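Trainee: Here the sequence shown is numbered in the numbering used here, starting from 547 and rising by one per residue. The beta carbon of each residue, even a glycine, is placed where N, CA and C say it ideally should be. Every value quoted in this text rests on a predicted model; they were computed, and no experiment measured them. Let me begin by handing over the structure; questions about it come next.
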Amino acid sequence: MEVDVEELLRSYQLKITPQRLSVLKYVTGCQYAVSQPELERKLGKKIDRVTLYRILTQMEEKGILHRVHDLHGLARFAICSSNCQAHMHHDNHIHFQCTICNNVYCINNFSMPKVKLPAGFIANTFKVSAEGTCKHCSQ
Ligand SMILES: [Zn+2]
Ligand SMILES: [Zn+2]
Ligand SMILES: [Zn+2]
Numbered sequence: 547m548e549v550d551v552e553e554l555l556r557s558y559q560l561k562i563t564p565q566r567l568s569v570l571k572y573v574t575g576c577q578y579a580v581s582q583p584e585l586e587r588k589l590g591k592k593i594d595r596v597t598l599y600r601i602l603t604q605m606e607e608k609g610i611l612h613r614v615h616d617l618h619g620l621a622r623f624a625i626c627s628s629n630c631q632a633h634m635h636h637d638n639h640i641h642f643q644c645t646i647c648n649n650v651y652c653i654n655n656f657s658m659p660k661v662k663l664p665a666g667f668i669a670n671t672f673k674v675s676a677e678g679t680c681k682h683c684s685q
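Given below as structure tokens:
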């Protein structure tokens, strides 16, 4: 997925900074949701830990990135779908957790099951997750 990260920052009224650009470039270039420790390892020379934390939190609040927890409770970040807004995430896709490499993948081309809720219950989001072997580990 090719994403114009500068345009993305602009559309969310965020100032374009080298740090924000490198975080977004890394996250959008990954096929799986990226953890903060991985970002620290890859971008540690350019961004200190506090700044990185602040960038991730801010992008989550803005609706640019969403947070997923892997099987070990580690937070991972992935790019949002375009209908996410500030404080209102609508990432209606499934998260696939690989039990071998522990990576979490956003699976977008998956139609969410229609769930019939009891009267009076209104769901804004559904969280569906699957566990198994990812395409890299199953080869
Ligand atoms: Zn989102
Ligand atoms: Zn895997
Ligand atoms: Zn996701």
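In its own chain, which residues sit with a C-beta less than 7 Å from the C-beta of E607, not counting the 5 before and 5 after it?
Mentor: Looking up residue 607 in the sequence shown gives position 61. Counting only Cβ-Cβ distances below 7 Å, and skipping sequence neighbours, we find A632, H633.
Trainee: So which residues touch the region around ligand 3, with touch meaning a C-beta under 7 Å from any heavy atom?
Mentor: Output, sorted by chain position: A579, H612, V614, A624, D637, H639, H641, C652.
Trainee: So, for K571: in the same chain, excluding its five sequence neighbours on each side, which residues have a beta-carbon less than 8 Å away from its beta-carbon?
Mentor: Within the sequence shown, residue 571 is the residue found at index 25, counting from 1. So the qualifying residues of the chain are V551.
Trainee: May I have all residues whose beta carbon comes closer than 7 Å to any heavy atom of ligand 2, sorted in chain order?
Mentor: C644, I646, C647, N649, T679, C680, H682, C683
Trainee: Using a 10 Å radius around the Cβ and a threshold of 16 neighbouring Cβ atoms, would you call N649 buried or exposed?
Mentor: Along the sequence shown, read from residue 1 onward, the residue named residue 649 stands at position 103. N649 should be labelled buried.
Trainee: Is C576 near ligand 1, going by C-beta to nearest heavy atom under 7 Å?
Mentor: To locate residue 576, count along the sequence shown from 1; it is residue 30. No, ligand 1 has no heavy atom inside 7 Å of this Cβ.
Trainee: Tell me whether H635, by its Cβ, gets closer than 7 Å to a heavy atom of ligand 1.
Mentor: Reading the sequence shown from its first residue, position 89 is the one you call residue 635. Under cutoff, so the answer is yes.
Trainee: For L567, which residues from the same chain have a beta carbon less than 8 Å from its beta carbon, with the 5 sequence-adjacent residues on both sides left out?
Mentor: The count along the sequence shown starts at 1 and reaches residue 567 at position 21. If we look at L567 and ignore the five residues flanking it on each side, its Cβ neighbours are V551, E552, L555.
Trainee: Name the two residues that bound the continuous beta strand (DSSP E) containing Q643.
Mentor: On the sequence shown, residue 643 is found 97 positions in, with the first residue counted as 1. Per DSSP, Q643 belongs to the beta strand (DSSP E) from 640 to 644.
Trainee: Here's the rule: buried if 16 or more other CB atoms are within 10 angstroms of the residue's CB, otherwise exposed. What is R600?
Mentor: Within the sequence shown, residue 600 is the residue found at index 54, counting from 1. Under this definition R600 is an exposed residue.
Trainee: In terms of residues, what are the limits of the alpha helix (DSSP H) holding G575?
Mentor: Taking the sequence shown and counting its residues from 1, the one referred to as residue 575 is at position 29. Its alpha helix (DSSP H) spans residues 564 to 575.
Trainee: Does the distance from the C-beta atom of L641 to that of V614 stay below 8 Å?
Mentor: Translated into the one-based positions of the sequence shown, residue 641 becomes position 95. Translated into the one-based positions of the sequence shown, residue 614 becomes position 68. The displayed chain sequence assigns His, not Leu, to residue 641. In this structure, V614 lies closer than 8 Å to H641 by Cβ.
Trainee: Spatial neighbours of Y578 within its chain, please: C-beta separation below 7 Å, excluding the five flanking residues on both sides.
Mentor: Counting from 1 along the sequence shown, the entry for residue 578 is found at position 32. Cβ within range, chain order: N649, V650, Y651.
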